[in-house]
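Position in the sequence shown (from 1) plus 100 gives the number in our numbering.
In this text, a Cβ means the ideal position worked out from N, Cα and C, and glycines have one as well.
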Amino acid sequence: MKAFFFDLDGTLLNSLADIGGACNAILEKYGYPAHPLSSYKQFVGNGFGKLVRSTLPADVKLDEQTIAQIEKEARHYYGQHMCEHSRPYDGVIAALENLQAAGHPLAVLSNKPDEHTLEIVRHYFSGIPFALVRGARKDAPLKPHPRALLDMMESMHISVPQTLYVGDSDVDVLTAHNAGVVSVGVAWGFRGAEELRSAGADHIIDTPSQLPTLADEK
């Protein structure tokens, strides 16, 4: 039996408008230019701290205390507005239901802050019985370090040959490879098939309906 571990943003959920909206609101508060929402496809994926740093003007030198304050405000604003425009990608919930009905364990591992990850999954995927849901915590490095994924696998008593990690970016592919598990790239996400291919994804799929077919891969 194969277990499916999923990234969240850009994989299960199109959350770009809420993420970009939160960061832009705080940038504008501080008098910095906002970014087109499409730019956030490249900003996301490496944790909230790096997300905020990526949005700050390159020609503005800020001390660490100020950057930390901007990040704190952006995180707070996002926490208040993160379920306004985000939506599961078409076909994702049906695919998850099919996997669950077939007996495949399901889990979510994101670089999004842990409290946000848990709340968003409860909000948008309340009908999916994920075995574990985990976001960024202080007790483990962010993806692509494999520790969080390996810890989750151990907690679920899932072996490396049983595991697939599904995501939309090179970070997700590297996470899978660093853990020694099969990587599945989703072409519908933020980054697209070319990045996934360049990162060496074991599989690249175009629609969520293809997910159950991967359960039979050797």
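> Which class does Arg234 belong to by DSSP, given the choice of helix, strand or coil?
Replying inline: strand
Is there contact here, the segment 188-207 with the segment 168-177, by at least three beta-carbon pairs under 8 Å? no
First and last residue of the alpha helix (DSSP H) that includes Gly267?
Where Gly267 is concerned, there is no enclosing alpha helix (DSSP H), although the beta strand (DSSP E) it sits in stretches over Thr263 to Gly267.
Report task. Report yes or no: do the segment 303-314 and the segment 191-199 share at least 3 C-beta pairs separated by less than 8 Å? Result -> yes
* **Cβ neighbours of Arg237 in the same chain (closer than 6 Å, five flanking residues each side left out)** => Asp214
*asked:* Which of the three DSSP states is assigned to Val271 in this structure?
replied: helix
**Q.** Cross-strand partners of Val286 (DSSP beta bridge)
**A.** Ile305
- Alpha carbon to alpha carbon, how far is Leu209 from Phe105? Give it in angstroms, no decimals. 7 Å
| For the alpha helix (DSSP H) that Ser226 lies in, which residues bound it at each end? | Segment: none, Ser226 is in no alpha helix (DSSP H) and carries neither H nor E.
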